[in-house]
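> So for the sequence shown, numbering that gives the first Met the number 0 puts the first residue at 0; every next one is plus one. What follows is a single structure, and I will ask about it in a moment.
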Amino acid sequence: MSSAFLRQEVEALPTCQLMDVHQWAHTMVRRYGRQSIAYQTLLPGVVLRAYPQLPALVGYVERWHARVVVGLPITPLESLQESMAIFEREAAEAGRSVCYFGVEEGDAACLGRRGRMRIGAQPIWIPGRWAQTLKQHPSIHAQIRRARNKGVEVHEWPLGCVSESRALRACLRDWISHHRLPPMHFLAEPDILAHLYDRRVFVAEREGVPVAFLIATPIPKRKGWLVEQLIRGSSAPNGTSELLLDALMGAVRGAEMVSLGLTPLTLQGKEEGVEALWLRLVVRWARMHGRRFYNFHGIEAFRARLAPDRWENVYAVVNAPQFTQKDLFAIIAAFTQEPVSIYLMRALFRAAQWEWRRGQEVVTRLSSLLSILKNRGKGC
């Protein structure tokens with residue numbers, strides 16, 4: 000595999016009986032993966048539907064009488080419409096609708112008059128321009144230097160070491176414990192260390208101890224990489240995330256693009272007037288009141304500070320003229336993997352715990368400050 004991008008020299012696709020569906024699916028993703036989330040078709044819990052005669056691969060989960068697909072069918076571009084038609088016909092025969100989640104801007108424009116919801120946008124960098132970006136934005140370089148001054152070093156780890164590393168799993172558990180939402184699944188599966196395939200893993204270490212890591216996933220047809228995970232432990236100094244991204248950009252400088260993935264409900268790159276009023280109201284409400292559970296503004300601000308070269312809109316597209324509330328609930332259920340009401344109750348409880356811990360930390364700091372001031376007063 001080239002340091003810049005995944006090579007396309009993969010074995011010929013079988014057209015006879017499939018001996019190993021996952022091996023065949025992996026080959027399909029390597030050869031025809033066009034969207035940033037293509038490799039996430041191979042994650043645990045995703046149902047694989049193979050059409051070797053086309054060839055085509057569809058990964059999906061079924062929720063609320065809908066089949067929520069990972070992006071679009073993985074297939075040669077000239078077979079895309081045919082593979083979608085076959086899959087949708089099979090779904091209709093089973094009494095299911097279809098929702099393609101994570102459809103990127105260029106593909107969405109080719110899907111005709113289908114109902115869709117803009118779910119956010121992904122920031123895109125061209126690695127060959129990264130050095131220029133650092134010169135034009137000294138604040139990014141300052142963050143990188145800050146982490147280096149704290150003794151943080153980044154190394155790419157062999158995949159065999161990654162899957163067996165207790166230190167990386169401890170870092171992952173630490174990161175999960177500081178999130179207000181319970182872990183989500185589908186395209187947000189937190190633990191992929193045992194399912195790496197062709198991914199690359201960069202680890203930030205301080206005094207030999209991992210404090211953060213980045214998992215980069217190939218986007219074969221775009222000759223690019225997706226930052227699928229950027230995991231930062233609580234002991235990682237400021238600037239560690241920027242240092243990890245800088246290491247990736249240097250390692251794949253010959254690639255055509257790097258994406259940090261979907262930034263949910265971001266206003267970056269937003270189109271006006273393309274969605275129904277109820278959808279615009281839902282998005283506005285989520286951005287205003289959902290921050291207790293998910294830091295929409297913080298994630299958007301962090302990625303924007305990294306000065307991407309452009310933003311690409313990302314959509315959920317359905318096989319119907321209008322995107323409906325049922326489609327929205329199907330998407331939410333795909334990520335929660337349990338009844339939405341139960342997940343929301345767990346989220347509320349976890350958020351309350353998080354706020355309680357935060358309040359306890361504030362009280363402890365104030366008590367320490369008052370104690371210091373009191374001792375100083377006695378000294379006078």
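Positions of the beta carbon are idealized from the N, C-alpha and C atoms, including for glycine.
With a cut-off of 8 angstroms on the beta carbons, I'd call residue 202 and residue 153 a contact; round off their distance for me.
So it is a contact: roughly 7 angstroms between Cβ atoms.
> Would you report the Cα separation of residue 205 and residue 48, rounded to the nearest angstrom?
Distance between the alpha carbons of residue 205 and residue 48 is about 44 angstroms.
> When you compare only the Cα positions, how much space is there between residue 257 and residue 226?
Taking the straight line from one Cα to the other gives about 7 angstroms.
> Please report the distance separating the alpha-carbon of residue 65 from that of residue 110.
So the alpha carbons of these two residues sit roughly 19 angstroms apart.
> Could you tell me the distance, in whole angstroms, from the CA atom of residue 367 to the CA atom of residue 140?
In a straight line, the C-alpha of residue 367 is about 35 angstroms away from that of residue 140.
> Output yes or no for whether 8 angstroms exceeds the beta carbon distance between residue 99 and residue 313.
Contact: no.
> Report the three-state DSSP secondary structure of residue 121 (helix, strand or coil).
Note: residue 121 maps to strand in three-state DSSP.
> Given a cut-off of 8 angstroms on the beta-carbon distance, is the pair residue 73 and residue 55 in contact?
Against a cut-off of 8 angstroms, the Cβ pair of residue 55 and residue 73 comes out as a contact.
> Pick from 132, 320, 233: whose alpha carbon is nearest that of residue 244?
Cα-wise, what sits closest to residue 244 is 132.
> For the candidate residues 370, 325, 332, whose alpha-carbon lies nearest to that of residue 96?
Cα-wise, what sits closest to residue 96 is 325.
> Which of helix, strand or coil does DSSP assign to residue 322?
Reduced to three states, the DSSP call for residue 322 is coil.
> Buried or exposed: which applies to residue 112, given that a residue is buried once 16 or more other Cβ atoms fall within 10 Å of its Cβ?
So residue 112 ends up on the exposed side.
> Which runs of the alpha helix (DSSP H) spanning at least 4 residues fall entirely within the region 221 to 275, listed in chain order?
DSSP runs (the alpha helix (DSSP H)) wholly in the region 221 to 275: 239 to 250.
> What number of angstroms, rounded off, separates the C-alpha of residue 174 from the C-alpha of residue 81?
Cα-Cα distance, rounded: 42 angstroms.
> Helix, strand or coil for residue 51? Go by DSSP, reduced to three states.
Three-state DSSP puts residue 51 in coil, outside helix and strand.
> Rounded to whole angstroms, what's the CA-CA distance from residue 217 to residue 251? Just pull it up for me.
Near 11 angstroms, if we compare the C-alpha coordinates of residue 251 and residue 217.
> Which residues does DSSP list as the beta-bridge partners of residue 96?
DSSP, once it has assigned bridges, lists 65 as partnering residue 96.
> Just mark residue 14 as buried or exposed, buried being the case when its beta carbon has 16 or more other beta carbons within 10 Å.
Caution applies to residue 14, whose pLDDT of 45 falls short of 50 and renders its modelled position unreliable; the value that the coordinates give is listed next. Exposed, since its Cβ has fewer than 16 Cβ neighbours within 10 Å.
> Please report the Cβ distance between residue 382 and residue 151, rounded to the nearest whole angstrom; I am assuming they are in contact, meaning their Cβ atoms lie under 8 angstroms.
For residue 382 there is no data in the structure shown, the boundaries of the chain being 0 and 379.
> Using a Cβ-Cβ cut-off of 7 angstroms (strictly less than) and excluding sequence neighbours within five positions of residue 329, which residues of its own chain qualify?
So the qualifying residues of the chain are 62, 63, 65, 67, 98.
> What does the alpha-carbon distance come out to for the pair residue 397 and residue 45?
For the chain, the structure presents residues 0 to 379; residue 397 sits outside this window and is missing.
> Looking at residue 94 and residue 319, is the spacing between their C-beta atoms short of 8 angstroms?
Their beta carbons are not under 8 angstroms apart, which means residue 319 does not touch residue 94 by this criterion.
> Could you name the residues of the same chain whose beta carbon sits closer than 7 angstroms to that of residue 308, not counting the 5 residues immediately before and after it, in chain order?
So the qualifying residues of the chain are 123, 124, 125, 128.
> In angstroms, rounded to a whole number, what distance separates the CA positions of residue 79 and residue 108?
Cα to Cα, residue 79 sits roughly 13 angstroms from residue 108.
> Can you find the residues in the same chain that come closer than 7 angstroms, C-beta to C-beta, to residue 71, ignoring five residues on each side of it along the sequence?
Closer than 7 angstroms at the Cβ level, and outside the excluded window around residue 71, lie 34, 79, 99, 102, 106.
> Could you name the residues of the same chain whose beta carbon sits closer than 6 angstroms to that of residue 188, not counting the 5 residues immediately before and after it, in chain order?
Around residue 188: 42.
> Determine the DSSP secondary structure at residue 194, reduced to helix, strand or coil.
Coil at residue 194, not helix or strand.
> In the DSSP assignment, the beta strand (DSSP E) including residue 128 goes from what residue to what residue?
Per DSSP, residue 128 belongs to no beta strand (DSSP E) and is neither H nor E.
> Roughly how many whole angstroms lie between the Cα atoms of residue 232 and residue 219?
So the two alpha carbons sit approximately 30 angstroms from each other.
> Tell me residue 186's beta-bridge partners as DSSP assigns them.
The partner list for residue 186 (beta bridge, DSSP) is empty, contrary to what the question assumes.
> Are the beta-carbon atoms belonging to residue 264 and residue 119 less than 8 angstroms from one another?
Yes. Within cutoff.
> How would you write the range of the alpha helix (DSSP H) that residue 104 sits in, first residue to last?
That run of the alpha helix (DSSP H) goes 104 to 107.
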